[in-house]
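J.: Let me give you the structure first, and then I'll get to my questions.
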Amino acid sequence: MTALACQQALDAAFRADPAVQATLGNPVRLLDAPIKLAAYPFAWWRRWETKPADAAEVRGEEHVATLEVVSRQSGVEVARAAVEALSNCATSMHPAVVGVRIILVLPLYCDVLRSTDGRSWLGIVRLKIVAEYI
0 MTALACQQAL
10 DAAFRADPAV
20 QATLGNPVRL
30 LDAPIKLAAY
40 PFAWWRRWET
50 KPADAAEVRG
60 EEHVATLEVV
70 SRQSGVEVAR
80 AAVEALSNCA
90 TSMHPAVVGV
100 RIILVLPLYC
110 DVLRSTDGRS
120 WLGIVRLKIV
130 AEYI
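In numbering that gives the first Met the number 0, the protein residues as written are 0 to 133.
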């Protein structure tokens, strides 16, 4: 399984979630990279790590993905709501990838902080994804 296939499966699950739509718009503003003209708030895939997680008789992979939420609304509430929606969606999702069974999608870390520009709030959602080939 490629990281891209896993990311696309998570994208689809996030885009279909009503709570994520309520915080990041409909269609959901979930990007591969930040762009200057994006509407706020939006989320983007900041980092994606992949390593083998083979068991005795099963080939597998472990992914650690980091989503960053960017909000320009005054106050921290919008960024917190987006982080909470993404985290809750990840906990309950069951993404489908052809030829792979995703065993676990677990939020490892969530945080909201003021950006260095003083105008934006940044949210971080780090996810652990464990998958095995079937």
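Beta carbons are placed, not taken as given, at the ideal position from N, Cα and C, and that holds for glycine.
Being a predicted model, the structure only gives us computed values, none of them experimental.
(1) Which whole runs of the beta strand (DSSP E) in the segment 102-133 are 3 residues long or more, in chain order?
(2) Roughly how many angstroms separate the alpha carbons of Glu56 and Arg79, rounded to a whole number?
(3) At 4 residues or longer, and completely inside the segment 14-84: list those alpha helix (DSSP H) runs for me, N to C.
(4) Is the number of C-beta pairs between the segment 100-108 and the segment 117-131 that are closer than 8 Å three or more?
(5) Quick check on this structure: which residue in Trp120, Ile123 and Leu9 has the alpha carbon closest to the alpha carbon of His62?
(6) Within 10 angstroms of its Cβ, does Asp145 collect 16 or more other Cβ (buried), or is it exposed?
(7) What residues match up with Val97 in a beta bridge as DSSP calls it?
(8) Could you check if Asp31 is buried or exposed, using at least 16 other CB atoms within 10 Å of its CB as the buried criterion?
(9) By how many angstroms is the C-alpha of Thr1 removed from the C-alpha of Gln7?
T.: Judging by the given coordinates:
(1) 120-132
(2) 41 Å
(3) 17-23
(4) yes
(5) Leu9
(6) With the chain covering only 0 through 133, there is no way to say anything about residue 145.
(7) Val97 is not bridged to any residue.
(8) exposed
(9) 10 Å
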